[in-house]
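**Student:** Protein chains in written order, with the numbering used here: chain A, 1 to 324; chain B, 1001 to 1119.
Cβ coordinates follow ideal geometry from the N, Cα and C atoms, glycine included.
A single structure is presented below for examination.
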Amino acid sequence: MIENSFPTESKVLVYDCSLEHENQIKEFCDNSHLIAVKSTSSKILDILKSYVDLGAIFLSEDIESTPGGGVDLGREIHRIRPELPIFLRRCSPLTQTFDEQLLKSFCTIYDIDNINNLQEVIEQHIFCAEYPNALVRGIEEITRDTLYHFFDDVEIEVATPYVVKDRIIYGELFSLMSVESYWCKGYMMMQLPEDNVLALTKTEKISGLYTDTDNFRVINDILSEITNMSWGGIKNRFVSEEKPLSNVTTQVPIIVNHKNKYISFGTNAPQLCFKYTLREKSGERKSFSLFHKFIFNLYWQPERFSENQPTVNDLVNAGELDFF
Amino acid sequence: MAKVLVVDDSSTVRNEVSSFLASNGIDVDTAVDGVDGLAKIQRDPNLKLVICDVNMPNMDGLTMVEKVKALGKTIPIIMLTTESNPSMKQRGKDAGVKGWIVKPFNGSAAIEGIKKLIS
């Protein structure tokens, strides 16, 4: 356990047939830093498509008027989203056993009376990594400031940082930056849609570039520089040149499946996720969301994390010319 | 009219800095990396100042600066980069870099210094 770790949250989809148990599940989620998103529709598979950043799913064995239907549904969910742990609430008597093959679809099966026993499972499968508070706060501040540099007349809403098990690619473009320090090695990823990005970009940044409305390369370049500046700021604050890098030489392939909008870093570990929603302050109130993720898949030693001490040089503000 | 060369692999940054300089009556040329920048510095006798990124493909900015120095060129160069670590700045100083700007570029804050260098 590291000192001063950030209390990350995770979004979970809850589809439970029992109103009676709903409050208990909600209370458990609140106490466990889980943001419960309730699904009331039997079209949960369609609903799942609209969520790209989940940490887990809570399902009941019985669904609506179908006793045991939750088991088959869980199996189908596991088939399409195997990264998501599924917690199945048992409705049948304890004497009833489940088919072993079916059980493989579920992370665990729990009884509502012992829901608190899920805590350990959640720690193991969702909150298995700790993140220093200073790092999380710093990333949010640095990236938000970077976004304000590029986007005009916007308000930026930042969701409380959370962890994600999904491996779904959000939007139409993403950037990947290899990141390494004394305390981590992995990747930083930013994902966003094309729509509205140019509309909200500061004019002076794109004038002269934006002569062709179909030129997607303009948005590519903007995202590239946002990524560059975000990691640059993080590196300046949290990566000390006095300390050696990780010395980890392991590399694993990153797999991207465009057809299924899927990206894998070769690990089941959750990703630290920041969601920035940019909204035009005036006019048409156009908006878009940017997902900013950290995947420390190769090396993660948060106990070695430290913040660089400011030096005299840091008294010069960013953007100002510091003469030698 | 004084001419400045902006060297950065990002078209967004080249455009941002160029637009600002042009609006201040400064003539501008651009280069996409250190190789391109070095070629233009050698070719264009009218350049008065170079504003250069550090992290670029093909040839990074500090390597370009060192090569400019090796050629005996005395054109002033300032770095515009996300980097701020002391050893990198020292390497820049040793190569003759005149100044350092940590991104994002703040034209209003930098313009007086830029004008001083090109005058």
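Short check: CB of E130(A) to CB of S264(A), under 8 Å?
**Tutor:** Counting from 1 along the first sequence, the entry for residue 130(A) is found at position 130. Counting from 1 along the first sequence, the entry for residue 264(A) is found at position 264. No; because the gap between Cβ atoms is not below 8 Å, this pair is not in contact.
**Student:** Between G319(A) and chain B, is there a C-beta pair that is closer than 8 Å?
**Tutor:** Position 319 of the first sequence, counted from the start, is the residue given in the question as residue 319(A). With 8 Å as the cut-off, G319(A) counts as an interface residue toward chain B.
**Student:** Rounded to the nearest angstrom, what separates Q119(A) and F106(A) at their Cα positions?
**Tutor:** The residue given as residue 119(A) occupies position 119 in the first sequence. The residue given as residue 106(A) occupies position 106 in the first sequence. Using only the alpha carbons, I get a separation of about 16 Å.
**Student:** Could you check whether the Cβ of G138(A) sits closer than 8 Å to any Cβ belonging to chain B?
**Tutor:** The residue labelled residue 138(A) in the question sits at position 138 within the first sequence. Not closer than 8 Å to any Cβ of chain B, the Cβ of G138(A) fails to qualify, so no.
**Student:** Which residues in chain B have a C-beta closer than 9 Å to the C-beta of Q229(A)? List them in chain order.
**Tutor:** As a working mapping, residue 229(A) is identified with position 229 in the first sequence. Before going further, note that residue 229(A) is Met rather than Gln in the sequence given. Those are T1082, K1103 and P1104, listed as they occur along chain B.
**Student:** Return the CA-CA distance between K1040(B) and E225(A), expressed in angstroms with no decimal places.
**Tutor:** Locating residue 1040(B) in the second sequence gives position 40, where the first residue counts as 1. Locating residue 225(A) in the first sequence gives position 225, where the first residue counts as 1. Cα to Cα, the separation comes out at about 24 Å.
**Student:** Could you name the residues of the same chain whose beta carbon sits closer than 8 Å to that of P7(A), not counting the 5 residues immediately before and after it, in chain order?
**Tutor:** For the purposes of this step, residue 7(A) is identified with residue 7 of the first sequence, where counting begins at 1. Hits under 8 Å: H33.
**Student:** Which residues bound the beta strand (DSSP E) around A1109(B)?
**Tutor:** Sequence index remark: in the second sequence, residue 1109(B) carries index 109 (1-based). From DSSP, A1109(B) is part of no beta strand (DSSP E) but of the alpha helix (DSSP H) over G1107 to I1118.
**Student:** Let me know the secondary structure DSSP gives C91(A) once reduced to three states.
**Tutor:** By one-based count along the first sequence, residue 91(A) stands at place 91. Coil, per DSSP.
**Student:** List the residues that DSSP assigns as beta-bridge partners of Q271(A).
**Tutor:** Here residue 271(A) is taken as the residue at index 271 of the first sequence, counted from 1. Paired residues: V164(A).
**Student:** With distances taken Cα to Cα, identify the nearest neighbour of S175(A) among N297(A), D53(A) and K293(A).
**Tutor:** Working through the first sequence from its first residue, we reach residue 175(A) at position 175. For S175(A), the nearest C-alpha among the options comes from K293(A).
**Student:** Name, please, each residue of chain A whose Cβ falls closer than 8 Å to the Cβ of I1078(B).
**Tutor:** Translated into positions along the second sequence, residue 1078(B) becomes position 78. The answer, in chain order, is L321.
**Student:** With 16 as the cutoff for other CB atoms within 10 Å, does L272(A) come out buried or exposed?
**Tutor:** Numbered from its first residue, the first sequence carries residue 272(A) at position 272. Counting the other Cβ atoms within 10 Å of the Cβ of L272(A) gives 16 or more, which makes it buried.
**Student:** Strictly by DSSP, which residues pair up with Y15(A)?
**Tutor:** Translated into the one-based positions of the first sequence, residue 15(A) becomes position 15. L59(A).
**Student:** The alpha helix (DSSP H) spanning V1068(B) covers which residue range?
**Tutor:** On the second sequence, position 68 is the one that residue 1068(B) refers to. Element bounds for V1068(B): G1061 to A1070.
**Student:** Where does R1043(B) land, buried or exposed, given buried means 16+ other C-beta within 10 angstroms?
**Tutor:** Reading the second sequence from its first residue, position 43 is the one you call residue 1043(B). Label assigned to R1043(B): exposed.
**Student:** Under 8 Å between C-beta atoms, does V1013(B) make it to chain A?
**Tutor:** By one-based count along the second sequence, residue 1013(B) stands at place 13. At least one chain A Cβ lies under 8 Å of V1013(B).
**Student:** Would you tell me roughly how many angstroms separate the C-alpha atoms of L1047(B) and V1004(B), rounded to the nearest one?
**Tutor:** Against the second sequence, residue 1047(B) aligns to sequence position 47. Against the second sequence, residue 1004(B) aligns to sequence position 4. Rounded to the nearest angstrom, the two C-alpha atoms are 6 Å apart.
**Student:** Only counting runs of 3 or more residues, tell me where the beta strand (DSSP E) segments fall wholly within the stretch 82-143 of chain A, in order along the chain.
**Tutor:** 86-89 and 108-110
**Student:** Quick one: does E1066(B) have its CB under 8 Å from some CB of chain A?
**Tutor:** Indexing the second sequence from 1 puts residue 1066(B) at position 66. E1066(B) does not count as touching chain A.
**Student:** Would you list, in sequence order, the uninterrupted beta strand (DSSP E) runs of no fewer than 3 residues that lie entirely inside the stretch 218-268 of chain A?
**Tutor:** Those beta strand (DSSP E) runs which fall completely within the stretch 218-268 of chain A and span 3+ residues are 255-257 and 262-264.
**Student:** CA-CA distance, N117(A) and Y110(A)?
**Tutor:** Here residue 117(A) is taken as the residue at index 117 of the first sequence, counted from 1. Here residue 110(A) is taken as the residue at index 110 of the first sequence, counted from 1. Whole-angstrom Cα-Cα distance: 8 Å.
**Student:** Leaving out five residues on either side along the sequence, give the residues of the same chain with a beta carbon under 6 Å from the beta carbon of M1064(B).
**Tutor:** Reading the second sequence from its first residue, position 64 is the one you call residue 1064(B). Hits under 6 Å: G1034, G1037 and L1038.
**Student:** Between N1085(B) and chain A, is the shortest Cβ-Cβ distance under 8 Å, so that the two count as touching?
**Tutor:** For the purposes of this step, residue 1085(B) is taken as residue 85 along the second sequence, with counting starting at 1. Yes, because at least one Cβ of chain A sits closer than 8 Å to the Cβ of N1085(B).
**Student:** I believe S246(A) touches E155(A) by the beta-carbon criterion, under 8 Å. Please report the beta-carbon distance rounded to the nearest angstrom.
**Tutor:** Taking the first sequence and counting its residues from 1, the one referred to as residue 246(A) is at position 246. Taking the first sequence and counting its residues from 1, the one referred to as residue 155(A) is at position 155. With a Cβ gap of about 38 Å, S246(A) and E155(A) do not count as contacting.
**Student:** How many angstroms separate the CA atom of L1049(B) from the CA atom of S306(A)?
**Tutor:** On the second sequence, position 49 is the one that residue 1049(B) refers to. On the first sequence, position 306 is the one that residue 306(A) refers to. Their backbone Cα atoms lie some 38 Å apart in a straight line.
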